[in-house]
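Chains as they are written, first to last, in the working numbering: chain A, 1 to 295; chain B, 1001 to 1279.
No residue lacks a Cβ here, since even glycine has one placed at the ideal position from N, Cα and C.
Okay, so here's the structure we're looking at.
See the structure below:
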């Protein structure tokens, strides 16, 4: 509407007074673009989300709770929890140490190191499973050794854990590196000058500064561990009640045409995903901190 | 992202613990990532070039590479276009429910891929909520694979472009408008060039993810050899038949493609770093 005025002003070479409209689209265009986005997101995100819950309750609440309380489902939930409880702390410790190393010191090959840490993001989950079969499987490099020690890794819980560690390896480091880079090293240096040791400095100076970023990384990492399918599928062996995590349990139910039961367990995981998104938005709101790297 | 280390100035290491933390980082990285990944190449080398070549040029394997590549490319392209649009609407406009929409964009990262897989299959099957409106089959065809890959890769471009859009100086747009450019010209000549590195990085990340995606695709693909069989599924099938050599060979090719994509992303980020640190 005001575009016309602006062009006149510009052509006349007067001191330019720019109205807000010069950098905004007309309202009609705005609403067309908003509508396209809302339609696209509704089709791709909202409808599937609603469908999960509708399908889960298709056979009534009783069937829903029966599916969730089924011993195999409970075993799958327990196993998933065990995997999270081992994987998450290990990758959190690694994430903090790696981010500290990369942001607090100067050394050559830093970018190369970051690329290596990022590597598991881009490796196919199936390949992530395959490499551990090649390493620990019966015919794998360490297979005979493990067998003589009577340790089972593949088709057993350790395999699921180590594949999960690989898949979610970069998550926490990736969130912390940009954050710690922007914070610099001056606070740590001040603390050290005042006589605190390295660990004390980390505990009282660095950690409080990165706690929200750390939490952010942890919940994203957690969501991925719970939901990982491809890698776990390769190494688990699909033994019911033993090595089936929740996603694998869903797959089995679905392939057996027990659709309502599959969606019941899926709805449980979706609730978890929604909680993850809410906590994530809460952290972003609380700290103005936004993931710098899409994951 | 300011990952590129600045200049050549050497700062003295005042903070203790470099050896310890660097040692731990490298040890963990070696045990969890480097040694396991190197298994693919060690096993490939031991199988001899002729066997390797014969495996990766099997017509069924070649068909899977082609399918994986084309579906991933199409899905990433759709995501790049809609990603820019979504990022634009979320950063520039106000509308009710914007915060919720913004949070929801990350759903594909939080939702397990198997859940996405069974849900999309149910929706797009011929009598499903959405599938019934199509005159052709969506689920169990390459179109279904593309739908699943669009879902999986949706957030990448949005999340790469959003921060760049937020940081574009309003002054440049004002200058462009004051010089007589209309809104479209300003977008194409001023804003879009600033977004290119972020779009390409998001596209590449989405592409790499789509190429290797398994969980969401196996349900919707139908998994017909030569038609809807993706490369990760070939690896899976070969593993189930205890054909470890075959699986490894196919995996080696996929890994090399992944490395090339990662290398490209790194160059893009170096480019971005150069562009933005100059200001």
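inquiry  = What does the Cβ neighbour count give for residue 139 of chain A, buried or exposed, with the cut at 16 atoms within 10 Å?
reply    = Within the first chain, numbered from 1, the residue matching residue 139 of chain A stands at position 139. With fewer than 16 other Cβ atoms within 10 Å, it is exposed.
message = With a threshold of 8 Å, are at least 3 pairs of Cβ atoms found where one atom belongs to the segment 143-150 of chain A and the other to the segment 63-70 of chain A?
response = no
message = Once the 5 residues before and after residue 1011 of chain B are set aside, which same chain residues still bring their CB inside 7 Å of it?
response = Translated into positions along the second chain, residue 1011 of chain B becomes position 11. Reliability fails at residue 1011 of chain B, whose pLDDT of 49 lies under 50, so the model's placement of it is uncertain and no value is given.
query = Any Cβ of chain B within less than 8 Å of the Cβ of residue 186 of chain A?
reply = Taking the first residue of the first chain as 1, we reach residue 186 of chain A at position 186. Judged by the 8 Å Cβ criterion, residue 186 of chain A is not in contact with chain B.
request  = Check the Cβ-Cβ distances between residue 1183 of chain B and every residue of chain A, and say whether any is below 8 Å.
outcome  = On the second chain, residue 1183 of chain B is found 183 positions in, with the first residue counted as 1. So, interface residue.
ask   = If you measure beta-carbon to beta-carbon, which residues of the segment 1111-1122 of chain B are closer than 9 Å to chain A?
value = 1111, 1112, 1113, 1114, 1115, 1116, 1117, 1118, 1119, 1120, 1121 and 1122
message = List, in chain order, every chain B residue whose beta-carbon is nearer than 7 Å to that of residue 104 of chain A.
response = The residue labelled residue 104 of chain A in the question sits at position 104 within the first chain. Within chain B, the C-beta atoms nearer than 7 Å to that of residue 104 of chain A come from 1015, in chain order.
ask   = Measuring CA to CA, which of B:1202, B:1222, B:1182 and B:1015 is closest to residue 1083 of chain B?
value = The residue given as residue 1083 of chain B occupies position 83 in the second chain. For residue 1083 of chain B, the nearest C-alpha among the options comes from B:1202.
ask   = For chain A, is any of its Cβ atoms less than 8 Å away from the one on residue 1019 of chain B?
value = Within the second chain, numbered from 1, the residue matching residue 1019 of chain B stands at position 19. Not one chain A Cβ lies under 8 Å of residue 1019 of chain B.
message = What residue range does the alpha helix (DSSP H) around residue 1151 of chain B cover?
response = The residue given as residue 1151 of chain B occupies position 151 in the second chain. Residues 1142-1167.
message = I need the straight-line Cα distance from residue 256 of chain A to residue 54 of chain A, nearest angstrom please.
response = The residue you call residue 256 of chain A lines up with position 256 of the first chain. The residue you call residue 54 of chain A lines up with position 54 of the first chain. Their Cα atoms are separated by approximately 19 Å.
request  = Check each candidate in A:62, A:60, A:268 and A:180 and name the one with the smallest Cα separation from residue 73 of chain A.
outcome  = Counted from its first residue, the first chain places residue 73 of chain A at position 73. Of A:62, A:60, A:268 and A:180, the residue nearest in Cα terms is A:268.
request  = Run through the segment 1048-1081 of chain B for me and flag every whole alpha helix (DSSP H) of 4 or more residues, listed as ranges in chain order.
outcome  = Qualifying alpha helix (DSSP H) stretches, in chain order: 1049-1056.
task = Give the residues of chain A in contact with residue 1136 of chain B, contact being defined as C-beta atoms less than 8 Å apart.
result = As a first step, residue 1136 of chain B must be located in the second chain, where it is residue number 136. The premise fails here: residue 1136 of chain B is roughly 17 Å from chain A at the closest Cβ pair, so nothing lies under 8 Å.
inquiry  = Considering only the alpha carbon of each residue, which of A:121, A:152 and A:188 lies closest to residue 169 of chain A?
reply    = In the first chain, the residue the question calls residue 169 of chain A occupies position 169. Ranking A:121, A:152 and A:188 by Cα distance to residue 169 of chain A puts A:121 first.
task = With 9 Å as the limit, tell me which residues of the segment 1038-1062 of chain B have their beta carbon closer than that to any beta carbon of chain D; keep them in chain order.
result = Within the model displayed, chain D is absent; protein chains A and B are what it includes.
inquiry  = Whole angstroms are fine: how far does the CA of residue 30 of chain A sit from the CA of residue 97 of chain A?
reply    = Indexing the first chain from 1 puts residue 97 of chain A at position 97. Indexing the first chain from 1 puts residue 30 of chain A at position 30. Roughly 46 Å between the two C-alpha positions.
ask   = Ordered along the chain, which non-local residues of its own chain (more than five positions away) have a Cβ less than 7 Å from that of residue 165 of chain A?
value = Counted from its first residue, the first chain places residue 165 of chain A at position 165. The answer, listed in chain order, is 87, 90 and 91.
ask   = In chain A, what lies closer than 7 Å to residue 1029 of chain B by C-beta?
value = Position 29 of the second chain, counted from the start, is the residue given in the question as residue 1029 of chain B. Within chain A, the residues near residue 1029 of chain B are 116 and 117.
inquiry  = Just checking: is the beta-carbon of residue 1170 of chain B within a distance shorter than 8 Å of some beta-carbon in chain A?
reply    = By one-based count along the second chain, residue 1170 of chain B stands at place 170. Residue 1170 of chain B counts as touching chain A.
inquiry  = So within the segment 1195-1236 of chain B, which uninterrupted alpha helix (DSSP H) runs reach at least 4 residues, ignoring any that extend past its ends?
reply    = For the segment 1195-1236 of chain B, whole alpha helix (DSSP H) runs of length 4 or above, ordered along the chain, are 1215-1221.
message = Please state whether the Cβ-Cβ distance between residue 1115 of chain B and residue 52 of chain A is less than 8 Å.
response = The residue given as residue 1115 of chain B occupies position 115 in the second chain. The residue given as residue 52 of chain A occupies position 52 in the first chain. Yes, they are a contact pair.
ask   = Along the segment 1230-1256 of chain B, what residues have a CB closer than 7 Å to any CB found in chain A?
value = 1232, 1235, 1236, 1239, 1244, 1247, 1248, 1251, 1254 and 1255
query = Thinking C-beta only, is residue 1217 of chain B closer than 8 Å to residue 1145 of chain B?
reply = The count along the second chain starts at 1 and reaches residue 1145 of chain B at position 145. The count along the second chain starts at 1 and reaches residue 1217 of chain B at position 217. Yes, these two residues count as a Cβ contact at 8 Å.
key: Unbroken alpha helix (DSSP H) run spanning residue 184 of chain A, endpoints   = Here residue 184 of chain A refers to the residue found at position 184 when the first chain is read from its first residue. Taken as a continuous stretch (DSSP letters only), residue 184 of chain A belongs to no alpha helix (DSSP H), as it is neither H nor E.
First through last residue of the alpha helix (DSSP H) which encompasses residue 100 of chain A = Locating residue 100 of chain A in the first chain gives position 100, counting from the first residue. From DSSP, the alpha helix (DSSP H) with residue 100 of chain A extends over 71-104.
C-alpha distance - residue 1256 of chain B paired with residue 1055 of chain B, whole-angstrom precision = Within the second chain, numbered from 1, the residue matching residue 1256 of chain B stands at position 256. Within the second chain, numbered from 1, the residue matching residue 1055 of chain B stands at position 55. So the alpha carbons of these two residues sit roughly 16 Å apart.
Residue-chain proximity (residue 6 of chain A, chain B), Cβ-Cβ < 8 Å = Counting from one through the first chain, the residue named residue 6 of chain A turns up at place 6. Only weak support is given to the placement of residue 6 of chain A: the predicted model assigns it a pLDDT of 47, under 50, and the value that follows is read from those uncertain coordinates. Answer yes: the Cβ-Cβ gap between residue 6 of chain A and chain B drops below 8 Å somewhere.
task = Under 7 Å Cβ to Cβ from residue 181 of chain A, same chain only, skipping five residues before and after it: list those, please.
result = On the first chain, position 181 is the one that residue 181 of chain A refers to. Only 103 meet the Cβ criterion.
request  = Output the residue ranges of the beta strand (DSSP E) runs that lie fully inside the segment 257-293 of chain A and measure 3 residues or longer, sorted by chain position.
outcome  = Correct list: empty.
task = In angstroms with no decimal places, state the Cα-to-Cα distance between residue 259 of chain A and residue 56 of chain A.
result = Your numbering for residue 259 of chain A matches position 259 in the first chain. Your numbering for residue 56 of chain A matches position 56 in the first chain. For residue 259 of chain A and residue 56 of chain A, the distance between alpha carbons rounds to 8 Å.
task = Measure the alpha-carbon distance for residue 192 of chain A versus residue 198 of chain A and round it to whole angstroms.
result = Taking the first chain and counting its residues from 1, one reaches residue 192 of chain A at position 192. Taking the first chain and counting its residues from 1, one reaches residue 198 of chain A at position 198. Taking the straight line from one Cα to the other gives about 7 Å.
request  = Rounded to whole angstroms, what's the CA-CA distance from residue 1222 of chain B to residue 252 of chain A? Just pull it up for me.
outcome  = As a first step, residue 1222 of chain B is located in the second chain; it is residue number 222 there, counting from the start. As a first step, residue 252 of chain A is located in the first chain; it is residue number 252 there, counting from the start. When rounded, the distance between both Cα atoms is 16 Å.
ask   = Should residue 179 of chain A and residue 230 of chain A be called a contact, given that it needs their Cβ atoms to be closer than 8 Å?
value = Counted from its first residue, the first chain places residue 179 of chain A at position 179. Counted from its first residue, the first chain places residue 230 of chain A at position 230. In this structure, residue 230 of chain A does not lie closer than 8 Å to residue 179 of chain A by Cβ.
Which listed residue (B:1118, B:1155 and B:1031) has its alpha carbon closest to that of residue 41 of chain A = As a first step, residue 41 of chain A must be located in the first chain, where it is residue number 41. Among B:1118, B:1155 and B:1031, the Cα nearest to that of residue 41 of chain A is on B:1155.
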